[in-house]
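Working notes, beginning with the structure itself.
In the numbering used here, the protein residues as written are 1485 to 1859.
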């Protein structure tokens, strides 16, 4: 299976290394050159964490990852400085609920510098968002209007508002109206945001900072990996996120199954857990896979599109029409597949006005889709 993007001769060798990386196996000798392995880790956003894990058993590999660690440390220092400013500004007014990398760095990865991230993600439900915008601007942040997706459309889909400090570069802070955003979820799933909010847990008793409940975090990482990124953005790192979350927080896998089914994201969660089992392996995951698995034909097709080899190589489904077939395959209920296709081609008037910035009809939208070959 070895190619230009994956140095691994087989899945078993990669699995052994990944299990070592997350602390499930002892250090070993892997059939990959040290330089190739370092390049692969950096490509998949795991260089800093691998540096931490390899200092004792594989110092030569750690040395090759040192520059990547320093780069992540500098960038994350900026992100956590922004986070500290937001926490102070929101104190006593809005709970700060951390998502994604900024929620994982300290607990799961063992330090701010070890989890690569491109921004700071915070969950701010719609009831708080107006006040949050005012507080962010008072703290010196500006709203980022340079986005390919109109803000009105983002808001309808429970998306995010992006902020930045004008005097710094690469310092986005994203306020998410929901951890589960996007039109795939709006059309096909039944996420209970009120329950999610009721489940949040404090990270630090000394500061008003929270995180999602462990089971909700597992579902969030899985859905974000499969649906939002189709495994195309740091898929390996997402599996490491899950493995470390499971090791540092007690996971009730039956509760993950129950909520994933109730929220109609069972197939997406199943696929990610299947890849987690194939490439790392955790206690309790095989039973969850069995309980979430879709019909056999769909299992075969999804496993073919997203194989362990494709993840190791960093293959990207996000370009081309295959991504639409893949996203259809992730939908739990057949009638929601029909709904997604119908509303993709024939959206509601509110969607059209938000998307195009003016009142247009469905025929205009359909012509736009056919002309540009994208929605």
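Glycine included, every Cβ here is placed at the ideal spot set by N, Cα and C.
How should residue 1781 be labelled, buried or exposed, when 16 other C-beta atoms within 10 angstroms of its C-beta is the threshold for buried? Under this definition residue 1781 is an exposed residue.
Return the chain-ordered ranges of every alpha helix (DSSP H) run that is complete within the segment 1659-1724 and spans a minimum of 4 residues. Runs found: 1667-1672, 1677-1683, 1698-1707.
Same chain, Cβ closer than 7 angstroms to residue 1522, neighbours up to 5 away in sequence not counted: These residues qualify, in order along the chain: 1545, 1548, 1549.
Let's see if you can read the secondary structure: which residues bound the beta strand (DSSP E) around residue 1820? In the DSSP assignment, residue 1820 falls outside any beta strand (DSSP E) and within the unbroken alpha helix (DSSP H) covering 1818-1829.
Measuring CA to CA, which of 1733, 1715, 1784 is closest to residue 1700? Of the candidates 1733, 1715, 1784, the one whose C-alpha sits nearest the C-alpha of residue 1700 is 1733.
Residue 1622 to residue 1656, Cα distance in whole Å? Taking the straight line from one Cα to the other gives about 16 angstroms.
What did DSSP end up calling residue 1646 once you bin it into helix, strand or coil? The answer is strand: DSSP assigns residue 1646 an E or B state.
Can you have a look at residue 1825 and say buried or exposed, based on whether 16 or more other CB atoms are within 10 angstroms of its CB? Exposed.
What's the gap between the Cα of residue 1560 and the Cα of residue 1600? One C-alpha to the other measures close to 7 angstroms.
With DSSP collapsed to three states, give me the class of residue 1800. In this structure, residue 1800 counts as coil in the three-state DSSP scheme.
Tell me which residues share the same chain as residue 1775 and place their Cβ nearer than 7 angstroms to its Cβ, disregarding the 5 neighbours each side in the sequence. Around residue 1775, the same chain offers 1741 as residues with beta carbons nearer than 7 angstroms, after the five sequence neighbours per side are excluded.
Residue 1628 in three-state terms, based on DSSP: Correct three-state label for residue 1628: coil.
May I have the straight-line CA-CA distance separating residue 1552 from residue 1749, to the nearest angstrom? Answer to the nearest angstrom: the Cα atoms are 35 angstroms apart.
Assuming contact is defined by CB atoms lying nearer than 7 angstroms, are residue 1511 and residue 1501 in contact in what I supplied? No, they are not a contact pair.
Using beta-carbon positions only, say whether residue 1525 and residue 1534 come within less than 7 angstroms of one another. Cβ atoms of residue 1525 and residue 1534: closer than 7 angstroms.
Taking residue 1692 and residue 1575 to be in contact with their CB atoms under 8 angstroms, please state how far apart those CB atoms are, rounded to whole angstroms. Correct: roughly 6 angstroms between the Cβ atoms.
Please state the DSSP three-state secondary structure of residue 1859. Here DSSP, grouped into helix, strand and coil, assigns residue 1859 to coil.
Would the segment 1707-1722 and the segment 1807-1816 be scored as touching if the rule is three or more Cβ pairs under 8 angstroms? Proximity of the segment 1707-1722 to the segment 1807-1816 meets the contact definition, three or more beta-carbon pairs being nearer than 8 angstroms.
Give a yes or no on whether the C-beta atoms belonging to residue 1726 and residue 1705 are separated by under 7 angstroms. Yes, Cβ-Cβ distance for residue 1726 and residue 1705 is below 7 angstroms.
Ordered along the chain, which non-local residues of its own chain (more than five positions away) have a Cβ less than 8 angstroms from that of residue 1609? Excluding positions up to five away in sequence, the list reads 1661, 1662, 1677, 1681.
Nearest CA to the CA of residue 1556: which residue from 1530, 1578, 1566, 1573? Of the listed residues, the one whose Cα sits closest to residue 1556 is 1530.
If contact is defined by three or more beta carbon pairs under 8 angstroms, each pair taking one atom from either stretch, is the segment 1754-1767 in contact with the segment 1563-1572? Cβ pair count under 8 angstroms is below three, so no.
Nearest-angstrom Cα separation, counted from residue 1718 out to residue 1516: Taking the straight line joining both Cα atoms gives about 20 angstroms.
Per the contact definition of three or more C-beta pairs closer than 8 angstroms, is the segment 1583-1602 in contact with the segment 1611-1626? No, they do not touch.
Would you say residue 1698 and residue 1665 are within 7 angstroms of each other, going by their C-beta atoms? Cβ distance not < 7 angstroms, so residue 1698 and residue 1665 don't count as in contact.
Residue 1810 and residue 1801 look like a contact to me (Cβ under 8 angstroms); what is the Cβ gap, rounded to whole Å? Residue 1810 to residue 1801, Cβ: 6 angstroms. Contact.
Compute the Euclidean distance between the alpha carbons of residue 1578 and residue 1690, then round it to the nearest angstrom. Spanning the alpha carbons of residue 1578 and residue 1690 requires a straight line of approximately 16 angstroms.
Paired residues, beta bridge with residue 1604 - DSSP: Beta-bridge annotation (DSSP): residue 1604 is paired with 1657.
In or out: residue 1847 buried (at least 16 other Cβ within 10 Å) or exposed? Counting every other CB atom within 10 Å of its CB across the protein chains shown gives residue 1847 a total below 16, marking it as exposed.
Residue burial classification, residue 1616 (beta-carbon count within 10 angstroms, cutoff 16): Classification of residue 1616: buried, given that the 10 Å Cβ count is 16 or more.
Output needed for residue 1604: all residues of its chain with C-beta closer than 6 angstroms, excluding positions within five of it in sequence on either side, in chain order. Excluding positions up to five away in sequence, the list reads 1563, 1566, 1567, 1586, 1657.
Please check the pair residue 1768 and residue 1735, which I expect to be a contact at CB under 8 angstroms, by giving their CB distance rounded to whole angstroms. Right, their Cβ atoms sit about 7 angstroms apart.
Should residue 1772 be labelled buried (16 or more other beta-carbon atoms within 10 Å of its own) or exposed? Buried.
Which residue comes first and which comes last in the beta strand (DSSP E) that contains residue 1580? Residue 1580 -> beta strand (DSSP E) spans 1580-1583.
Does the beta-carbon of residue 1858 have 16 or more other beta-carbons within 10 angstroms, so that it is buried, or is it exposed? Residue 1858 is exposed by the Cβ-count criterion.
Report the rounded CA-to-CA distance for residue 1539 versus residue 1670, giving the unit in angstroms. Those two C-alpha atoms are separated by around 45 angstroms.
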